[in-house]
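S.K.: Below you'll find the structure I mean.
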Amino acid sequence: TTLTEKDKSPKVFDPNDEVSQYLAAMADTMGGEGSPSVADSLTGDETLEEILQIAVGLEKDAILFYLGIKDLITSRSGKDRIDEIIRQERRHVAQLSNLLEKFKTK
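According to the working numbering, the sequence shown is numbered sequentially starting from 57.
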């Protein structure tokens, strides 16, 4: 889905570009899925259980990130898109948690 011209136009007076600075800070501190910092922190000796636990944590961090972004978005369609991403991330948490539980019971 593409953004409408109305959705693309800025809605908030932000002369000091604080919204961009906030988003950049969140992205920098989060690491996140696919982040080189996450890959660099792995030794290769992790168990499957440890990897799944890391993955669940990253998905939870992603949810927090998108919740923070949602508060900054003013358009309804933008919020709806973020809500869909959050739902996807929650499904990922559930799927990974289920895998983790199955692994623990073996």
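Beta carbons are placed, not taken as given, at the ideal position from N, Cα and C, and that holds for glycine.
Express the C-alpha separation of residue 100 and residue 73 in angstroms, rounding to a whole number.
M.R.: Position 17 of the sequence shown, counted from the first residue, corresponds to residue 73. Position 44 of the sequence shown, counted from the first residue, corresponds to residue 100. If I take the Cα positions, the gap works out to 41 Å.
S.K.: In angstroms with no decimal places, state the Cα-to-Cα distance between residue 137 and residue 105.
M.R.: For the purposes of this step, residue 137 is taken as residue 81 along the sequence shown, with counting starting at 1. For the purposes of this step, residue 105 is taken as residue 49 along the sequence shown, with counting starting at 1. Answer to the nearest angstrom: the Cα atoms are 32 Å apart.
S.K.: Roughly how far, in whole angstroms, is the beta-carbon of residue 119 from the beta-carbon of residue 145, given that I think they are within contact range, below 8 Å?
M.R.: Here the question's residue 119 lines up with position 63 in the sequence shown. Here the question's residue 145 lines up with position 89 in the sequence shown. That pair is a contact at about 5 Å.
S.K.: In this structure, does DSSP put residue 107 in helix, strand or coil?
M.R.: Residue 107 sits at position 51 when you count from the first residue of the sequence shown. In this structure, residue 107 counts as helix in the three-state DSSP scheme.
S.K.: What do you reckon, are the CB atoms on residue 126 and residue 116 nearer than 9 Å?
M.R.: Within the sequence shown, numbered from 1, the residue matching residue 126 stands at position 70. Within the sequence shown, numbered from 1, the residue matching residue 116 stands at position 60. No. Outside cutoff.
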